[in-house]
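Note sheet for the following structure.
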Amino acid sequence: MHPLLTVSALTMDFGGIRALDHLDLRIHPGEIAALIGPNGAGKTTFFNCLTGIYAPTSGDLLLTPPDQPPRRLNGLKPNRITEQGLARTFQNIRLFHNMTVLENVMIGRHCRTRAKILGAIFRTPATIREEKAIVGMSLALLERIGLADQANEFAKNLPYGAQRRLEIARALATEPLLLLLDEPAAGMNPQETLELDELITSMKNDGLAILLIEHDMKLVMSLSDHIFVMDYGRKIAEGTPEQVRHNPAVIKAYLGEETDHA
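Here is the structure:
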């Protein structure tokens, strides 16, 4: 099976500081992969390069949808990368707090809408049909993540864990090929983390590829098919959870000796 995402020799320099150093990795369709490492290892910088927030200094980012030729992502703006099939959540939740839960998900559909300005102004039949379809799909996503009953609530009034799930629903509304989750369990209590685990597993069962940055090692080890480990902008190890758990370089750099017995 061809990789869905191929990252080759990706390098990111900020002045004299090298945040990413010839990073290579592959993500396959339907796979849950995790990117772990100490704070400052370059994980979020990598996500920012992948989603067009940063333009990498060198290297290649290739997305290869099933049965289609590779698409080079380098140099594309964030909205164009979303259109290509990548969606992300953020370390710090980014919702439209004074909009409703439903409206937040509907915004995610913007990259897939066909209505033009004139259609929106004159309320053409095609525009009205599309709007109804967007509402229906958004409500279905809210049902899936357990927030359908709060569709008309302002996003700012949701509990923290629900806001995290809402951000995921908005990303899913873009119909991604690859979903990028930046520390999705950060700040969650054990029950919220369990619900997140179940949601991510259900997305994988639907065939969605997922790449997550996460510090919750229990969650990483339970969910991941493959783990990449970074330190100082470099990939120092990769493999299955069991391989990574017992890798001496990983233990030294990040997991700590006690994780051998977790």
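Each residue of the sequence shown is one higher than the last, beginning at -7 in our numbering. Glycine included, each C-beta is placed from N, C-alpha and C at the ideal position. Keep in mind the model is a prediction, meaning the values are calculated, not measured.
Here's a check: name, in chain order, each residue in its chain whose Cβ is nearer than 8 Å to the Cβ of residue i, leaving out the five neighbours to either side.
i, result
"Met91", "Ile99, Phe146 and Ala147"
"Thr105", "Glu122 and Ile126"
"Pro48", "Leu2, Thr3, Met4, Leu12, Cys41 and Asn66"
"Asp252", "In this prediction, Asp252 has a pLDDT of 41, which is less than 50 and means its spatial position is unreliable; what the coordinates show is noted afterwards. Around Asp252: Arg237, His238 and Ile243."
Leaving out five residues before and five after residue i in sequence, what residues of the same chain have Cβ atoms less than 6 Å from its Cβ?
i, result
"Glu250", "A caution first: Glu250 carries a pLDDT of 48, below 50, which makes its placement in the model too unreliable to give a value."
"Ser50", "Thr3"
"Gly44", "Leu68, Lys69, Pro70 and Ile73"
"Ile205", "Leu27, Lys35, Asp174 and Glu175"
Enumerate in chain order the residues of its own chain whose CB-to-CB distance from residue i is below 7 Å, with the five nearest sequence positions on each side excluded.
i, result
"Asn71", "Cys103"
Would you say residue i and residue j are within 7 Å of each other, going by their C-beta atoms?
i, j, result
"Ala79", "Thr37", "no"
"Ile19", "Ala25", "yes"
"Ala143", "Leu191", "no"
"Ile137", "Arg157", "yes"
"Asp59", "Arg226", "no"
"Leu269", "Ala177", "Only positions -7 to 254 of the chain appear in the structure, and residue 269 is not among them; the question remains open."
"Pro57", "Leu169", "yes"
Just reading off the beta strand (DSSP E) that residue i is part of, what are its end residues?
i, result
"Met222", "His218 to Asp223"
"Glu230", "Arg226 to Gly231"
For residue i, which residues does DSSP report across the bridge?
i, result
"Ala262", "No answer is possible for residue 262: the residues shown for the chain start at -7 and end at 254."
"Val(-1)", "Leu17 and Leu53"
"Leu12", "Met4"
"Leu78", "Leu170"
"Phe38", "Phe38 pairs with nothing; no bridge assigned."
"Thr92", "Phe146"
"Arg64", "Leu54"
Within 10 angstroms of its Cβ, does residue i collect 16 or more other Cβ (buried), or is it exposed?
i, result
"Phe39", "buried"
"Phe220", "buried"
"Arg162", "buried"
Kindly indicate the opening and closing residues of the alpha helix (DSSP H) around residue i.
i, result
"Arg136", "Pro117 to Ile137"
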